[in-house]
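Residue numbers (numbering that gives the first Met the number 0): 0 to 335. In this text, a Cβ means the ideal position worked out from N, Cα and C, and glycines have one as well. Each remark here refers to the structure printed beneath this line.
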Amino acid sequence: MSASDAIEMVPKVPNSITNAVIGPLLIGSYVNCILWGLVLSQIWAYFSRFPGERGWIRILVFVIMFIDALAICDECATLYLYGVTHWNDPSYLSKQGPTYTVYVVTQCIGVVSMHGFLITRYHILSKRWYITLPLAMVAALSFIGQILLMWAINVFTTLEERIKLTTYAYLYLASSAAADVLIATALSLELLRVKTSFRKTRSIVQRLLNASITTGAVTASFAILSLVTFIARPTTNIAVGFGFCIGRMCSLTVMLNLNLRKHEGRIGSTNVANTTVNSIPLDTGFRFTSHGQSQTNGITVHQQSVVHVESTKARSDRDMYDDRGSDSKVPRDTFV
């Protein structure tokens with residue numbers, strides 16, 4: 000018997016089943032690989048801009064790198080098992096393999112990392128514990144939902160039993176979307192409270208505001224889409240296809256926020272004003288640092304002017320300032 004005859008004798012799984020089970024995973028993995036590429040580019044930018052970063056932030060970035068790589072490998076393994084090893088096997092296509100557990104674990108770590116990072120940043124920025132605490136409670140509810148969903152996936156292993164996962168999926172995805180929206184809203188409102196006359200600072204605050212709104216909206220949208228498709232079609236993998244992308248979106252959110260901490264701009268000519276604004280260390284929230292400063296609603300705004308002196312008269316003026324001693328209002332290191 001030839002190989003072609005043997006293939007023809009194997010019972011064929013209907014296209015509707017392969018489209019519902021394998022198709023969403025394939026599309027989701029394509030999108031997820033693109034997102035992973037964006038995450039890797041942000042990680043590269045982070046290590047280039049912040050080579051001397053504090054230890055725990057660097058550990059967070061390494062965790063993101065490892066978890067995302069593990070998630071991508073897990074998705075590839077899922078597709079290989081469905082599309083190659085157990086191709087045309089109705090019994091396997093109707094089950095949730097062990098790779099689903101790894102998928103939920105990696106997503107859980109990604110979501111927890113993002114929520115913890117953003118809530119910590121908001122608390123450092125605002126010092127409003129009465130807002131931080133409810134945000135942390137919603138994020139904790141999402142984490143509990145993820146743990147319960149992880150347990151349920153190992154108990155109800157077939158696609159037909161997925162209807163029994165609805166309660167856990169609803170708890171996790173709804174609370175996760177709510178946490179994304181609430182955290183983004185809290186950060187945006189806090190940034191809107193910044194009042195400064197510096198054009199560069201206003202531009203930076205606007206960028207941070209746009210990043211908070213965009214990342215919060217995107218991660219919440221993926222969670223909502225995953226929830227809606229799970230409720231509408233629980234016996235398919237459409238919800239899993241959207242869920243594949245949630246972890247990478249969380250990683251991308253963290254890395255974008257880390258890389259937005261520093262932005263330098265120059266204005267003026269060679270004689271006047273080389274202005275540097277927006278050094279934002281995490282341990283001081285969203286903080287713009289330099290020599291002069293003003294503070295509004297817990298956000299400290301600083302401005303530094305570096306003056307380039309070329310003429311002899313200007314140099315003698317500089318020496319006069321240097322000789323004034325500690326009573327001078329102009330620091331010596333202001334001049335270059």
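- Mind checking whether S250 and L158 have CB atoms under 7 Å apart? no
- Euclidean distance between Cα positions of G115 and A183: 13 Å
- Could you please give the first and the last residue of the uninterrupted alpha helix (DSSP H) stretch that includes E52? Note, E52: premise wrong, no alpha helix (DSSP H); not H, not E.
- Message: In the DSSP assignment, the alpha helix (DSSP H) including H85 goes from what residue to what residue?
- Response: Here H85 belongs to no alpha helix (DSSP H), and DSSP marks it neither H nor E.
- May I ask you to list the residues that DSSP assigns as paired with K94? Note: K94 is bridge-paired with T157 in the DSSP secondary-structure output.
- Where does T131 sit, in a helix, a strand or coil, going by DSSP? helix
- Would the beta-carbon of V204 fall within 7 Å of that of L190? yes
- Query: Does the beta-carbon distance from T252 to R161 come in below 7 Å?
  - Reply: no
- Take W136 as the anchor and find which of I118, V83, R53 has the nearest alpha-carbon. Sequence check: residue 136 is Met here, not Trp. When only C-alpha atoms are compared, the closest one is I118.
- Message: Quick test of your reading: V104 and D67, contact by CB under 8 Å. State the CB separation rounded to the nearest angstrom.
- Response: Contact doesn't hold; Cβ gap of about 13 Å is too wide.
- Query: Thinking C-alpha only, which one of I223, S211, R260 is nearest L188?
  - Reply: S211
- If L337 sits next to A168, beta carbons under 8 Å apart, how far is it from one beta carbon to the other, in whole angstroms? Because the chain in this structure spans residues 0 to 335, residue 337 falls outside the shown range and cannot be described.
- Contact under 7 Å by Cβ, S90 with L140: no
- Taking just the CA atoms, how far does V154 sit from V110? 23 Å
- Query: In chain order, what residues of the same chain lie with their CB nearer than 7 Å to the CB of G82, ignoring the 5 residues before and after it?
  - Reply: I21
- Applying the criterion that 16 or more other CB atoms from any shown protein chain within 10 Å of the CB defines a buried residue, is N18 buried or exposed? exposed
- Message: For A70 and N209, I'd like the C-alpha separation in whole angstroms.
- Response: Whole-angstrom Cα-Cα distance: 28 Å.
- Task: Give the straight-line distance between the Cα atoms of L351 and T195, rounded to the nearest whole angstrom.
- Result: Outside the shown range of the chain, which is 0 to 335, sits residue 351, and nothing can be said about it.
- Query: When you compare only the Cα positions, how much space is there between K163 and I152?
  - Reply: 10 Å
- Message: Helix, strand or coil, according to DSSP, for L259 in the structure here?
- Response: coil
- State yes or no: is the C-beta of G240 within less than 7 Å of the C-beta of G96? no
- Item | Nearest neighbour of P13, chosen from N87, Q106, N258 [CA to CA] | Nearest C-alpha to P13: N87.
- Task: For T165, collect the residues of the same chain with a Cβ closer than 7 Å to its Cβ; drop the 5 residues on either side in sequence, then sort them by chain order.
- Result: I230, P233
- Report all residues from its chain with a CB closer than 7 Å to the CB of M64; omit the five preceding and five following residues, and keep chain order. I42
- Task: Give the secondary structure of F197 by DSSP, where H, G and I count as helix, E and B as strand, and everything else as coil.
- Result: coil
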